[in-house]
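Undergrad: Numbering (our numbering), first residue to last: 17 to 131. Where a beta carbon is used, it is the ideal one built from N, C-alpha and C, also for glycine.
1) Check the DSSP bridge columns for residue 12 and list the partner residues they point to.
2) Name the DSSP bridge partner or partners of residue 117?
3) Determine the burial state of residue 45: buried for a count of at least 16 other Cβ atoms within 10 Å of its Cβ, exposed for fewer.
4) Pick out whichever of 62, 96, 56 and 60 has its Cα sitting closest to the Cα of residue 71.
5) Considering Cα atoms alone, identify which of 94, 86, 38 and 88 is closest to residue 69.
6) Are there 16 or more other CB atoms within 10 angstroms of the CB of residue 100, so buried, or fewer, so exposed?
7) Going by C-alpha distance, which of 61, 92 and 48 is nearest residue 75?
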């Protein structure tokens, strides 16, 4: 019985500490400035902040926009680009889930990169 009570208290503490206040939405205009509406299978539609430098993002080849909803994460703030880090996928590509918003200089953007 003590284990059950301890487990329930521990679970409640973990949920309280890790929960992030959210606002539900049906489209990005519900979220206001600096945020967008995100959704995914088995995920509630919630407002998330637009990505700032260093924030995780979804690369353009995986980013989807469905009538006011973004898949998993918001796009990056204007002037930033979602860049995947090197990873184990073909061509050295990283997972679309570990990409981050980064500043990209216009001169460097047109230079081919060896992969």
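TA: For this structure:
1) Since the first and last residues shown for the chain are 17 and 131, residue 12 lies out of range.
2) In the DSSP output, where bridge partners are listed per residue, residue 117 has 98.
3) Taking a 10 Å sphere around the C-beta of residue 45, we find fewer than 16 other C-beta atoms and assign the residue as exposed.
4) Nearest C-alpha to residue 71: 96.
5) Among 94, 86, 38 and 88, the Cα nearest to that of residue 69 is on 94.
6) Classification of residue 100: buried, given that the 10 Å Cβ count is 16 or more.
7) Of the candidates 61, 92 and 48, the one whose C-alpha sits nearest the C-alpha of residue 75 is 92.
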